Every structure is written in structure tokens, then in C-alpha cells.
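**Q** Adding 19 to a residue's 1-based position in the sequence shown gives its number in the numbering used here.
Backbone N, C-alpha and C fix where the C-beta goes; we use that ideal spot for every residue, glycine too.
Keep in mind that this is a model prediction, so the values were computed, not measured.
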Amino acid sequence: MTLQTVPSLNVPEAFSRWLESRGLIYQLLTDFFGRKPTLSLVAQWSRNTQIGVAAEMTEGGRELKRYLCSQEPKELPSICEQENKEYKRLMTEGAMNAFVPREAANIGRTKDFCNVISDVYASAGIVFNKCNGEADDHIAIELEFMAVLHERMLYNSFSVRSAMELLEIQVAFLEEHLLLWTPQFCHKLNAATDSPLYLGLSHMLEEFLPKDLEMLRGWKATLENGATAVI
Numbered sequence: 020m021t022l023q024t025v026p027s028l029n030v031p032e033a034f035s036r037w038l039e040s041r042g043l044i045y046q047l048l049t050d051f052f053g054r055k056p057t058l059s060l061v062a063q064w065s066r067n068t069q070i071g072v073a074a075e076m077t078e079g080g081r082e083l084k085r086y087l088c089s090q091e092p093k094e095l096p097s098i099c100e101q102e103n104k105e106y107k108r109l110m111t112e113g114a115m116n117a118f119v120p121r122e123a124a125n126i127g128r129t130k131d132f133c134n135v136i137s138d139v140y141a142s143a144g145i146v147f148n149k150c151n152g153e154a155d156d157h158i159a160i161e162l163e164f165m166a167v168l169h170e171r172m173l174y175n176s177f178s179v180r181s182a183m184e185l186l187e188i189q190v191a192f193l194e195e196h197l198l199l200w201t202p203q204f205c206h207k208l209n210a211a212t213d214s215p216l217y218l219g220l221s222h223m224l225e226e227f228l229p230k231d232l233e234m235l236r237g238w239k240a241t242l243e244n245g246a247t248a249v250i
């Protein structure tokens, strides 16, 4: 099967559905971990028909879909008020009972670690416009990095070689960063909240990242085999 956005790459059926969904999942996770769940944000995702496609990939995604899509419009303001309080309690550094949603704090990195990870972003040609002053190792920034790389990989004009380079950056970032600390982060989040929103997000993150790495590795192997066949 050939993905229309990438005419130069032949995408097997096994990977096509995943490629169509993963960018949406990274964006959803970035949105909710990166900012308070406003009425417009909740309404946007509860009405987004693509969330059903994303939900097929994880049980956490199905939990999230059931929660977001089952609410009556008149209930959304009170739900947003409640989830706003939970976001502030969970995600604001220094808040009472909060844990820090950053890589350095979860696995004992030094204070200089943000310089290391900002170099990773810079080497990929990515600079973030941070509206809320988030650190470079904040969960939302790391997830957004993956979302940006995904968009570049699919929607820019490139060769198979440049696709492989973008793919390899994503594999390395999952192995060396996100998957080193998000299991602990999710474990803490699961224990800290009974919010259907944040439990769904946490379960989705736990399930999706290992699966995404597996699929990236599989697609990389497919591209490498294709390149070898051409040679």
C-alpha cells in the first residue's frame, strides 16, 4: 500500500494504519499533558472523529474516548473545571502533592540535563516556542518533539535516506529518553489520581510508547531490506 502523503515510499499495510494514527496520538498526549484542559480543548477532542482511530491502538485510548465522547455538552464546563484543578494539582511543579513531569526529576539527571536534551532538539533542527516556560525535558515537550518528527517524516518531500534519518532519531529518542522515564512517571500518575482523563492519558502513554518503538523498528527493517533489494 502506498501512503498518499509519501509518494516515494512504499508503506506495507501492516504499518499504514499505525502511521496514520501515531501523529494524532502524540498530539493528543502533548495537548493534555502540556496545558490545562480548557473547554475548547476538551470539546475539540471529544468531537474529533479521528480519536476513534487512535483509540483502536490502546486500551487507554479506548478509556479516554469513552470519557471524552460520552459527555453531554452541558456537562463540559463543570468537567473542565474539575479537570483543571486536577491538572494544577498533578502537573504544576512545586504544588502540594504534585510530582514533577520531567525526565531529570524522574531518573535523577543533573541540573545541566536540559542542556543535553536541548542539543538533541537543535541537532534535529527543532526549536520550541514555549508559551508557559516549560523545561526542555518536560513530558509535553518530549512528546511534541516526536509529533514534529512524525510530521516531517510523512509530509515533507524527502528521499528514503532522509526518511531513515528521521526514523532513527525517533527510535533513539524513545530508547534513550521517553522510555527510560515515562514508565515511572505513569506509575506515579496512576497512584496519584482517580481522574478518568488523566488515568486514560497515563494508560495510553504506557501502552503506546513501547508499541510505537516496536513499529518504528519494524518499519526501519522494512526500509533497509527494500534498500538492499534495490542494490
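Does the distance from the CB of E195 to the CB of D156 come in under 8 angstroms?
**A** Against a cut-off of 8 angstroms, the Cβ pair of D156 and E195 comes out as no contact.
**Q** Specify the secondary structure class of R36 as computed by DSSP and reduced to three states.
**A** In this structure, R36 counts as helix in the three-state DSSP scheme.
**Q** Using the Cα positions of L181 and F147, report the straight-line distance between them to the nearest angstrom.
**A** Contrary to the premise, residue 181 reads as Ser rather than Leu in this sequence. Whole-angstrom Cα-Cα distance: 22 angstroms.
**Q** Can you say whether N244 is buried or exposed, counting buried as having 16 or more other CB atoms within 10 angstroms of its CB?
**A** Counting Cβ neighbours within 10 Å, N244 comes out exposed, since fewer than 16 surround it.
**Q** Pick from M223, C88, E187, E82: whose alpha carbon is nearest that of Q63?
**A** Among M223, C88, E187, E82, the Cα nearest to that of Q63 is on C88.
**Q** At the level of alpha carbons, what is the spacing between E225 and T201?
**A** Rounded to the nearest angstrom, the two C-alpha atoms are 7 angstroms apart.
**Q** Is it a yes or a no for the region 72 to 81 touching the region 33 to 42, going by three-plus beta-carbon pairs under 8 angstroms?
**A** Flag = yes, the region 72 to 81 and the region 33 to 42 touch.
**Q** Can you find the residues in the same chain that come closer than 7 angstroms, C-beta to C-beta, to H169, ignoring five residues on each side of it along the sequence?
**A** These residues qualify, in order along the chain: R41, G42, Y45.
**Q** Taking the CB atoms as reference points, tell me whether T49 and A166 lie closer together than 8 angstroms.
**A** Yes; because the gap between Cβ atoms is below 8 angstroms, this pair is in contact.
**Q** In terms of residues, what are the limits of the alpha helix (DSSP H) holding Q189?
**A** Taken as a continuous stretch (DSSP letters only), the alpha helix (DSSP H) holding Q189 covers 179 to 192.
**Q** Kindly indicate which three-state DSSP category R128 falls into: helix, strand or coil?
**A** It is coil, neither helix nor strand.
**Q** Rounded to whole angstroms, what's the CA-CA distance from V16 to C99? Just pull it up for me.
**A** The structure shown does not extend to residue 16, since the chain is modelled only from 20 through 250, so no value can be given for it.
**Q** Answer with buried or exposed for S221, where buried requires no fewer than 16 other C-beta atoms within 10 angstroms of its C-beta.
**A** Buried.
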